[in-house]
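>
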Amino acid sequence: MAASILLPIVLQIRRIQMPMKTPFNFNFNHRPAIFCHPLNNFSFSSPSLPLYPTRLLCALSPTPPSPSPSPPPVKVLMEKMDLIGIVCDEQCTPGKYYCLLCPKCKGGRLMERSLSLHVIPTGDFAMWRCFQSECGWAGRIFADGRLAFNEFSRTAKLFGGTAKKSLILEPLGDELITYFSKRMISQETLKRNVVMQTADRQAAIAFTYRQNGQLVGCKYRTINKKFWQAKGTEKLFYGIDDINDADELIIVEGEMDKLSVEEAGFLNCISVPGGAPTKVSTNAVASIQKDTAYQYLWSCKDLLDKVPRIILATDSDEPGQALAEELALRLGKHRCWRVDWPYKDDFNRFKDANEILVQLGADALKKAIQDAKSYQLCDTDEIQVEEDLESFHEPS
Ligand SMILES: [Zn+2]
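Read the sequence shown against this note's numbering and you will find it ends at 404, with the numbers running on by one and no gaps.
1) Please check the pair D265 and D379, which I expect to be a contact at CB under 8 angstroms, by giving their CB distance rounded to whole angstroms.
2) Quick one: Cα of D389 to Cα of Y383, how far?
3) If you follow the alpha helix (DSSP H) that F188 is in, where does it begin and where does it stop?
4) Determine the burial state of P183: buried for a count of at least 16 other Cβ atoms within 10 Å of its Cβ, exposed for fewer.
5) Is T206 closer than 8 angstroms to L177 when the C-beta atoms are compared?
6) Put E120 into one of helix, strand or coil per three-state DSSP.
7) Where DSSP assigns a beta bridge to R317, which residues make up the other side?
8) What is the DSSP secondary structure of A151, counted as helix, strand or coil?
9) Give the single residue among C110, V84, F245 and E256 whose Cα lies nearest to the Cα of D152.
10) What is the DSSP secondary structure of A156, counted as helix, strand or coil?
11) Going by CA-CA distance only, name the one from C107, L91 and S122 that's closest to L155.
12) Less than 7 angstroms separating the Cβ of C138 from some heavy atom of ligand 1?
13) Which residue marks the beginning of the alpha helix (DSSP H) containing T130, and which one marks its end?
14) Which residues does DSSP list as the beta-bridge partners of T286?
15) Measuring CA to CA, which of A321, E263 and N158 is closest to L373?
16) Which residue's Cα is closest to the Cα of E270: S295, S289, G328 and N201?
17) Count the other C-beta atoms from every protein chain shown that fall within 10 angstroms of the C-beta of L385, then say buried if there are 16 or more, exposed otherwise.
18) I need the straight-line Cα distance from V280 to F150, nearest angstrom please.
19) Would the region 249 to 258 and the region 230 to 239 be scored as touching if the rule is three or more Cβ pairs under 8 angstroms?
20) Rank F157, I364 and Q210 by C-alpha distance to the C-alpha of K234 and give the top, closest one.
21) Is the region 348 to 362 close to the region 291 to 310, with three or more CB pairs under 8 angstroms?
22) DSSP state of A294, grouped into three classes?
23) Less than 7 angstroms separating the Cβ of W306 from some heavy atom of ligand 1?
24) Would you list the residues sitting across from G144 in a DSSP beta bridge?
25) Starting from the Cα of A301, find the closest Cα among E98, D97, F245 and L180 and give me that residue.
26) State the Cα-Cα distance for the pair N362 and E120, rounded to the nearest angstrom.
27) Tell whether a beta-carbon distance below 8 angstroms holds between A212 and Y228.
28) In whole angstroms, what separates the C-alpha of L267 from that of G115?
29) Classify G328 as helix, strand or coil using the three-state DSSP reduction.
30) As an exercise, report each continuous alpha helix (DSSP H) stretch of at least 4 residues that is fully enclosed by the region 321 to 387, in chain order.
31) Let me confirm a value: I231 is counted as buried when at least 16 other C-beta atoms fall within 10 Å, else exposed. Which label applies?
32) So, A376 versus V347, is the Cβ gap smaller than 8 angstroms?
33) Along the chain, which unbroken stretches of the beta strand (DSSP E) at least 3 residues long are found entirely within the region 201 to 231?
34) For R117, count neighbouring Cβ atoms within 10 angstroms of its own Cβ and tell me buried if that reaches 16, exposed if not.
35) Going by the CB atoms, is the gap between F133 and A146 shorter than 8 angstroms?
36) Please confirm whether any heavy atom of ligand 1 lies closer than 7 angstroms to the CB of L312.
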């Protein structure tokens, strides 16, 4: 996949296009009291986001809605806040304000409880804002599953902008659920991975990146395979929370492949965030600080260091194989295994996990992963490189 090449271009285009085609302006005029609170100078909303609670809630449910009474909205809200890392110590009561620890900045140097959370009196949604000036994370979460928040501030500042854009995500609609089901990804898997869609006319897929339960980034993809990222999205493996305490893990090349591998029964799978390089670099691996293209790997080095067996299940094309090689060089080939995707005809192999899932089914995908071969057996002349890496991997 050449997403790594495409991404910067797409990002540039988005930067030009995005400026507020729809100024976010939710109008909850029927509840004016919310906006009178002195702490709340946060207003954001979208005229393109009508309130269709029942349809939206159904959209992400794996089973049809049951006639039994649904849980009270505040309990639903608390569950949803939990998913993005906002933890209310006590039972949230509608109408009340809470000062909580911000999951993004952890309250700054003084570890203050800087996140102000308000559940509106009807319990339909909660809104939050972090009052740490460095952070300023703010958003709303709705009992029907919609989520709205400002972009990840760190990079927004790097770009010199102080005004933070709002992002609004909503549960996947019928069109995207159908798209995923054609690619054999179930609603259960989508729900577990909190895959959502943008609440605009484009309705792009939003792959939410989470770490320790908190939302740290978002990557978007249209059905036509255009990718872009929320500003400030941290360079991180997709699905990183799924490999805590894993003694074996699988690395794939895209979010879709991560979801596919899950359909084959493996949860211990992560995806690189930015696709594959076109070819293996001829330069030696740079020091950790200078190895910018692989910061997503180094940023979770402690977690990866504990894993004795790593299965590389990247694409079968040249960039995919180059990615496997670059990862193996950094992880240590002695603990890497490589998946060879089965042949689809006399000359060509299937391209990736999703193609196998769609064409051959979940059992074939599972078998291909289980049949992974030792990377060292695939590649015999890296002993010298391996020795060099030993010293490189020592903490500096
Ligand atoms: Zn904060």
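Glycine is no exception: its CB is placed at the ideal position from the N, C-alpha and C atoms.
Put simply:
1) The residue given as residue 265 occupies position 257 in the sequence shown. The residue given as residue 379 occupies position 371 in the sequence shown. D265 to D379, Cβ: 17 angstroms. No contact.
2) Along the sequence shown, one-based indexing puts residue 389 at 381. Along the sequence shown, one-based indexing puts residue 383 at 375. In this prediction, D389 scores a pLDDT of 45, lower than 50, which makes its location untrustworthy; the coordinate-derived value is nonetheless stated afterwards. About 11 angstroms.
3) Residue mapping note: residue 188 aligns to position 180 of the sequence shown, counting from 1. Its alpha helix (DSSP H) spans residues D182 to K190.
4) Here residue 183 refers to the residue found at position 175 of the sequence shown. A quick correction: the sequence has Glu, not Pro, at residue 183. Flag for E183 reads exposed.
5) If you number the sequence shown from 1, residue 177 lands on position 169. If you number the sequence shown from 1, residue 206 lands on position 198. Closer than 8 angstroms, so yes.
6) In the sequence shown, the residue the question calls residue 120 occupies position 112. Looking at E120 - three-state DSSP - the assignment turns out to be coil, as it is neither helix nor strand.
7) Within the sequence shown, numbered from 1, the residue matching residue 317 stands at position 309. In the DSSP output, where bridge partners are listed per residue, R317 has E256.
8) For the purposes of this step, residue 151 is taken as residue 143 along the sequence shown, with counting starting at 1. Note: A151 maps to coil in three-state DSSP.
9) Within the sequence shown, numbered from 1, the residue matching residue 152 stands at position 144. Comparing Cα positions, the closest option is V84.
10) Position 148 of the sequence shown holds residue 156. Here A156 sits in strand by DSSP.
11) In the sequence shown, the residue the question calls residue 155 occupies position 147. Checked all of C107, L91 and S122; the closest Cα to L155 is L91.
12) Translated into the one-based positions of the sequence shown, residue 138 becomes position 130. Correct: C138 has its Cβ closer than 7 angstroms to ligand 1.
13) Start at 1 with the first residue of the sequence shown, and residue 130 comes out as number 122. Per DSSP, T130 belongs to no alpha helix (DSSP H) and is neither H nor E.
14) Within the sequence shown, the letter at position 278 stands for residue 286. T286 is not bridged to any residue.
15) Taking the first residue of the sequence shown as 1, we reach residue 373 at position 365. When only C-alpha atoms are compared, the closest one is A321.
16) Stepping through the sequence shown from its first residue, residue 270 is reached at position 262. Selected option, being the one with the closest Cα: N201.
17) As a first step, residue 385 must be located in the sequence shown, where it is residue number 377. Answer is exposed; the Cβ neighbour count stays below 16.
18) Counting from one through the sequence shown, the residue named residue 280 turns up at place 272. Counting from one through the sequence shown, the residue named residue 150 turns up at place 142. Their Cα atoms are separated by approximately 30 angstroms.
19) no
20) Within the sequence shown, numbered from 1, the residue matching residue 234 stands at position 226. Comparing Cα positions, the closest option is Q210.
21) no
22) Numbered from 1 along the sequence shown, position 286 holds the residue referred to as residue 294. Note: A294 maps to coil in three-state DSSP.
23) Start at 1 with the first residue of the sequence shown, and residue 306 comes out as number 298. It does not: the Cβ of W306 is nowhere closer than 7 angstroms to a heavy atom of ligand 1.
24) The sequence position of residue 144 within the sequence shown is 136, counting from 1. Answer is none; G144 lacks a bridge partner.
25) Your numbering for residue 301 matches position 293 in the sequence shown. For A301, the nearest C-alpha among the options comes from F245.
26) Along the sequence shown, one-based indexing puts residue 362 at 354. Along the sequence shown, one-based indexing puts residue 120 at 112. In a straight line, the C-alpha of N362 is about 45 angstroms away from that of E120.
27) What you label residue 212 is simply residue 204 of the sequence shown in a count that begins at 1. What you label residue 228 is simply residue 220 of the sequence shown in a count that begins at 1. Closer than 8 angstroms, so yes.
28) Counting from one through the sequence shown, the residue named residue 267 turns up at place 259. Counting from one through the sequence shown, the residue named residue 115 turns up at place 107. Going from the Cα of L267 to the Cα of G115 covers about 33 angstroms.
29) Residue 328 sits at position 320 when you count from the first residue of the sequence shown. In the displayed model, G328 falls within a helix according to three-state DSSP.
30) The region 321 to 387 contains these whole alpha helix (DSSP H) runs: 326 to 339, 361 to 368, 370 to 378 and 383 to 386.
31) Here residue 231 corresponds to residue number 223 of the sequence shown, with the count starting at 1. Answer is exposed; the Cβ neighbour count stays below 16.
32) Along the sequence shown, one-based indexing puts residue 376 at 368. Along the sequence shown, one-based indexing puts residue 347 at 339. In this structure, V347 lies closer than 8 angstroms to A376 by Cβ.
33) The beta strand (DSSP E) runs of length 3 or more contained entirely in the region 201 to 231 are, from start to end of the chain, 203 to 206, 213 to 219 and 222 to 229.
34) Here residue 117 corresponds to residue number 109 of the sequence shown, with the count starting at 1. Under this definition R117 is an exposed residue.
35) Within the sequence shown, the letter at position 138 stands for residue 146. Within the sequence shown, the letter at position 125 stands for residue 133. No, the Cβ-Cβ distance between A146 and F133 is not below 8 angstroms.
36) Numbered from 1 along the sequence shown, position 304 holds the residue referred to as residue 312. No.
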